[in-house]
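Contents: one structure, followed by commentary.
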Amino acid sequence: MIGAEISERRSEADAVLKLHSGCFACGLESPELGLHFFPLSSGGLKGEFIVAQKYQGYGGLLHGGIAGTMLDSVMTHCLMQRGIKGLTAELNIKYHKPIEVGSIVSIYGKINKKLRKVYFLSAYLETEQGICVSAHGKFIEPKK
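This note's numbering numbers the first residue of the sequence shown as 7 and each following residue consecutively.
Printed below as a string of structure tokens:
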């Protein structure tokens, strides 16, 4: 029974990933940012990103919109790994420290709770300097 549930969840996750395959940030076809995420034993996800010069805003610093995109992407993938197609309804971002070009950024995300068809998630970007950007998001399942 458990094996069948796991197989069904994997099939649902694969179907949702296929719908998302054209995403410029993290899609499977040819993502501009090349974001890929891996499950953590805690139930969340982790990814890594090296900040290239082409992603800078102010000289030598990661553009805030790219940071926000990474946070939104990891939260979306937290849902997709469970076969849930979630659309961003709200994204609140806090910028703690600037991230320099050339930095290796660890990207973390997790689902905090669900109320009906609304999911509440959190995510953060971390470098060797600690947490640099954090976010809380609200995602909804679209009507069929």
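We put the beta carbon where it would ideally sit given N, CA and C, even for glycine.
- Message: Tell me the DSSP secondary structure of Leu68 in three-state form.
- Response: Residue numbering aside, residue 68 sits at position 62 when the sequence shown is read from its first letter. It is a strand residue.
- Any beta strand (DSSP E) of 3 or more consecutive residues that is wholly inside the segment 47-114: 51-56 and 93-101
- Item | Collapsed DSSP secondary structure at Ile12 in the structure displayed | As a working mapping, residue 12 is identified with position 6 in the sequence shown. Annotation note: pLDDT 47 at Ile12 (below 50); position unreliable, coordinate value reported separately. Here Ile12 sits in helix by DSSP.
- Query: If you draw a straight line from the C-alpha of Lys149 to the C-alpha of Gln62, how long is it?
  - Reply: By one-based count along the sequence shown, residue 149 stands at place 143. By one-based count along the sequence shown, residue 62 stands at place 56. Cα to Cα, Lys149 sits roughly 37 Å from Gln62.
- Task: Decide yes or no for the touch test of the segment 31-50 against the segment 92-104: beta carbon pairs closer than 8 Å, at least 3 of them.
- Result: no
- Does the distance from the CB of Leu46 to the CB of Met76 come in under 9 Å? Here residue 46 refers to the residue found at position 40 of the sequence shown. Here residue 76 refers to the residue found at position 70 of the sequence shown. Taking 9 Å as the Cβ cut-off, Leu46 and Met76 do not qualify as a contacting pair.
- Which of helix, strand or coil DSSP assigns to Phe44: Numbered from its first residue, the sequence shown carries residue 44 at position 38. If DSSP states are grouped into helix, strand and coil, Phe44 belongs with the strands.
- Item | Range covered by the beta strand (DSSP E) that runs through Leu39 | As a working mapping, residue 39 is identified with position 33 in the sequence shown. Taken as a continuous stretch (DSSP letters only), Leu39 belongs to no beta strand (DSSP E), as it is neither H nor E.
- Task: Go ahead and label Leu34 buried or exposed: buried means 16 or more other beta carbons lie within 10 angstroms of its beta carbon, across all protein chains shown.
- Result: Reading the sequence shown from its first residue, position 28 is the one you call residue 34. It counts as exposed.
- Query: For Pro148, does the three-state DSSP call read helix, strand or coil?
  - Reply: Position 142 of the sequence shown, counted from the first residue, corresponds to residue 148. Residue state, collapsed to three classes: coil.
- Query: In this structure, does DSSP put Ala129 in helix, strand or coil?
  - Reply: As a first step, residue 129 must be located in the sequence shown, where it is residue number 123. It is a strand residue.
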